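Counting in UniProt numbering, the sequence shown runs from 1 upward without gaps.
Structure record follows, encoded as structure tokens.
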Amino acid sequence: MAIDKVLVQAVEAHQAGRREEAEKLYRKILLKRPRDQLAVQNLGALLYERGELDEAAKLLRRALSIDPRDTDALNNLGNTLRAQGQPAEAEANFRKAIAIRPNAMVLNSFGNLLRSRGDYAEAIACYEQALQLQPDYLHSHYHLAMTYRLTGRLAEAVAIQEKALAINPRFPQVLMQLGLCLSELGRIAEAIVRYREALAIAPQFYEAWSNLGNALQRTRDLAGAETAYREALRLKPDFPNALGNLGTLLAESNRRREAIALFERVAALNPDHDGIWGKLSFEKRNLCDWRDYDSLVDGRVREQVRAGSRKTTAFSLLTLSSTPQEQLLVARAYAEATGASAIALPQRAPQQRARLRIGYLSADFHPHATAYLIAELMERHDRNRFEIVAYSIGPDSDTAMRRRLVAAFDSFVDLRPLSHDAAAQRIHADDLDILVDLKGYTQNARSEILARRPAPIQVNYLGYPGTMGASFIDYVIADAFIIPPAQHAFYDEKVVTLPHCYQPNDTRRPISDQRPTRAACGLPENGFVFASFNNSYKITPLIFDIWMRLLDQVPGSVLWQLEAEPDAVENLRRETQARGVDPARLVFAPPLELADHLARQSLADLFLDTLPVNAHTTASDALWAGLPVLTCAGDTFISRVAGSVLTTIGLPELITTSLQDYEALALALARDPARLAALRQRLAANRQTSPLFDIARFTRNLEGAYLQMQERRLAGQPPAALTVEDRPG
């Protein structure tokens, strides 16, 4: 009788979480009564909970030798075997327990095993059966909601979690899962509330702190997000998710050295962490830190691409020497994850109307490269035939560019506060004919909105130079140079081929009449000035090798670049020294207003483009300012933009297709002032007549593309590759 009393005490201690006390009591019982089945089983369960799996398995098998029909022992042994990496044996134990006496606990455990191996439908059936047997079994509510979330059934997941919270409102794991679902639905404010509720109950819940940081970051509360991430890391210093999330935040805040250190920690902790090598590579390239460049880019990043990692982020892959096939592979994986939870909105019957209704979705309706390109285009749309609506998902700014864009649209809608569902429904309510996405998978994009099909025709244009690989995007707008016919197979969208360069320009952007002197810009009065005003991440060691050889072979020449972050400048100077060139021959141009920056560009002799990421807006800017651009065209969209620009302005001889030819032509032009002067004269003449800067003509051609898309829809035809005829006016 005394032993029975000790057993009661042991169970009470175990249930209260006093495991050390419970273990001592169980062992005391087993010294007196070695075949006490409940003590053996419970001690095995306790050791499983503590992670002592081998000893737990021995005890649980011993318990089953005493009572082979003990479903608790079968369940606990199944969980132990699963934790030991023996799923087949675990499954056998679960099935045996269910055959003897189905109960919520065993069904929940079996569901967890099934979910872990991707058998979601069977897992859901187990959880649902568990809840039929025991409607208040919270663990099955929790895991069922988690599985619904994994399969994109977010609304059902939310409903299940709310049921669980009605049973027990102080279940922090459910609160956090609910926050994740709400966040994925774009209901960020509600998600933040749920994360905070979870943390009020469980302040040590480091995963909730990290997820709170994600949500705050999406609201652009960067200080709050950083605080949340750091609290997660205080509680668990080696938590890869929080390390990576904090790294991303710091990178966006231009604290790149700190970000790199965090990404390196993640890579050391978990080399398979989704997308970590792509993030690390991109930020190191932003700082021109090329140590281990080949092993990082050609080794680690491509390993993740081959493994189908979604967050070798689609954009970071574009910036590498990747192939169109690789870019399509990653884009498809990204699109699949983005659209997994989306339910397409119903489409209305097409109708012929006097004004085609076009929506533009972007986070860049403020001083940004995209804004500078599209401003005049929006102003020139034919309002007799087109109604244009802006849908903003990015920051507001009290700037002249923001005011100009707001005035250029017929309507300007701020979608930032809305969830993905609500934003899609808001767009859908406007009954658009065509929705044009200007972001793709770049920073602050919300392709989740497009995945809900708010418009009958959806277009990838301008902001993302590659395929989106998405079933919810119908067309990509390009030109014959950007996407030659042989490359169409690497785009899941149907390719729309404009008659000239796909990139618009703003001919209303002024060039300051206050042109500085070379001396004022730190340039030699007579030496040859090579210039490259591309962002630092576009510079590769191979390109830089060429630039240094050019400086070496052209006495008195300099390389003029935009002033980057101090770390990048320091690294570029070190790399210059390592190649035997005086670092003083690098000249860095400080930031200026655009009109002043355009004015100073005429001081340079030749703009040297980068590969695999070409100049885009910067190529148009240089040509607008009268500076010839030399490019090398690759095989991908992002590596062919400058070639398209040069083709359209009538300077195709400045397009090379190999780095050897690129280097040779740069050297030849630097040594032949008369040839270069003739090119500058042609550029000055063509600038006045070329389609590149004829924005009225460009607008008519783009509108022609929209009309062709709509004509197919009105005819009941699916999207198809389109070639747009030139409309010179």
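Positions of the beta carbon are idealized from the N, C-alpha and C atoms, including for glycine.
Just so we're clear, the structure is a prediction, and the values are computed from it rather than from any experiment.
Taking only the alpha-carbon atoms, compute the straight-line gap between residue i and residue j and give it to the nearest angstrom.
i: valine 406; j: phenylalanine 412; result: 6 Å
i: glutamate 663; j: isoleucine 546; result: 6 Å
i: glutamate 575; j: phenylalanine 530; result: 17 Å
i: proline 487; j: aspartate 238; result: According to the sequence as given, residue 487 is glutamine; it is not proline. Cα to Cα, the separation comes out at about 44 Å.
i: proline 504; j: proline 566; result: 33 Å
i: methionine 1; j: alanine 198; result: Summary for methionine 1: the model assigns pLDDT 46, below 50, so the residue's position carries little reliability; its value from the coordinates is reported in the next sentence. Taking the straight line from one Cα to the other gives about 44 Å.
i: alanine 369; j: glutamate 122; result: 49 Å
i: lysine 96; j: alanine 22; result: 28 Å
i: alanine 141; j: glutamine 173; result: A quick correction: the sequence has histidine, not alanine, at residue 141. Each residue's alpha carbon lies about 11 Å from the other.
i: proline 510; j: alanine 595; result: 5 Å
i: valine 8; j: glycine 152; result: 45 Å
i: leucine 714; j: proline 324; result: 32 Å
i: lysine 311; j: glycine 186; result: At lysine 311 the pLDDT is 49, less than 50, meaning the model places this residue with poor confidence; the figure from the coordinates comes in the next sentence. So the alpha carbons of these two residues sit roughly 19 Å apart.
i: leucine 551; j: alanine 584; result: 11 Å
i: asparagine 701; j: aspartate 274; result: 41 Å
i: methionine 176; j: leucine 138; result: 14 Å
i: aspartate 421; j: serine 183; result: 11 Å
i: threonine 723; j: alanine 478; result: 10 Å
i: aspartate 431; j: glycine 17; result: 58 Å
i: aspartate 513; j: proline 524; result: 21 Å
i: lysine 163; j: alanine 90; result: 30 Å
i: leucine 317; j: leucine 60; result: 50 Å
i: glutamate 711; j: threonine 689; result: 31 Å
i: proline 590; j: glutamate 570; result: 15 Å
i: asparagine 384; j: alanine 375; result: 19 Å
i: isoleucine 167; j: alanine 104; result: 16 Å
i: leucine 235; j: glutamate 379; result: 53 Å
With distances taken between CB atoms, is the gap from residue i to residue j smaller than 9 Å?
i: alanine 363; j: isoleucine 473; result: no
i: tyrosine 372; j: methionine 401; result: yes
i: threonine 631; j: leucine 654; result: yes
i: glycine 179; j: leucine 212; result: yes
i: threonine 319; j: phenylalanine 263; result: no
i: alanine 83; j: tyrosine 127; result: no
i: asparagine 614; j: glycine 580; result: no
i: asparagine 42; j: alanine 56; result: no
i: alanine 225; j: asparagine 214; result: yes
i: tyrosine 206; j: alanine 261; result: no
i: glutamine 37; j: alanine 73; result: yes
i: alanine 267; j: alanine 259; result: no
i: serine 602; j: leucine 562; result: no
i: alanine 423; j: leucine 415; result: yes
i: leucine 216; j: isoleucine 201; result: no
i: alanine 45; j: leucine 25; result: no
i: alanine 469; j: threonine 442; result: The residue asked about is misnamed: residue 469 is glycine in this sequence, not alanine. No, Cβ-Cβ distance for glycine 469 and threonine 442 is not below 9 Å.
i: leucine 623; j: phenylalanine 528; result: no
i: leucine 345; j: arginine 194; result: no
i: isoleucine 457; j: aspartate 433; result: yes
i: isoleucine 358; j: tyrosine 120; result: no
i: threonine 540; j: arginine 300; result: no
Thinking C-alpha only, which one of the options is nearest residue i?
i: tyrosine 491; options: Leu646, Pro510, Ser471, Gln503; result: Ser471
i: aspartate 621; options: Ser322, Arg61, Arg220, Ile649; result: Ile649
i: leucine 559; options: Glu565, Gln352, Ile543, Asp567; result: Ile543
i: alanine 666; options: Ser532, Leu462, Arg404, Tyr229; result: Ser532
i: glutamine 352; options: Gln708, Ala390, Asp726; result: Gln708
i: leucine 107; options: Ala720, Arg265, Ile124; result: Ile124
i: residue 730; options: Pro367, Glu376, Ser392; result: In the structure displayed, the chain extends from 1 to 729; residue 730 sits before or after that span and is not available.
i: glutamine 129; options: Tyr441, Ser109, Phe386, Arg256; result: Ser109
i: proline 484; options: Gly634, Arg404, Ile192; result: Gly634
i: valine 495; options: Gln553, Arg101, Phe637; result: Phe637
i: leucine 328; options: Val6, Ser295, Thr467, Gln134; result: Thr467
i: arginine 727; options: Pro719, Arg697, Ala721; result: Arg697
What is the C-beta distance between residue i and residue j, in whole angstroms, given that I count them as a contact (C-beta under 8 Å)?
i: threonine 80; j: leucine 53; result: 6 Å
i: arginine 257; j: leucine 287; result: 7 Å
i: alanine 342; j: alanine 451; result: 4 Å
i: threonine 610; j: serine 447; result: Not quite, the Cβ-Cβ distance comes to about 27 Å (not below 8 Å), so this is no contact.
Query raised in the report: Which residue spans inside the stretch 294 to 368 form an unbroken beta strand (DSSP E) run of at least 3?
Result: 356 to 362
**Report entry** 3-residue-minimum beta strand (DSSP E) runs that sit fully inside the stretch 456 to 521, ordered along the chain
**Finding:** 457 to 460, 475 to 479, 494 to 498
Query - Minimum length 4: unbroken alpha helix (DSSP H) runs contained in the stretch 21 to 65 - result: Runs found: 37 to 50.
Requested in this report: For the stretch 559 to 619, list the alpha helix (DSSP H) runs that are entirely contained and at least 4 residues long, ordered along the chain.
Outcome: 566 to 578, 594 to 601
Query raised in the report: Whole alpha helix (DSSP H) runs in the stretch 159 to 202 with 4 or more residues, listed along the chain?
Result: As far as the stretch 159 to 202 is concerned, its whole alpha helix (DSSP H) runs of at least 4 residues are 172 to 184, 188 to 201.
Query - Start-end ranges of the alpha helix (DSSP H) lying completely within the stretch 263 to 299, minimum 4 residues - result: 276 to 286
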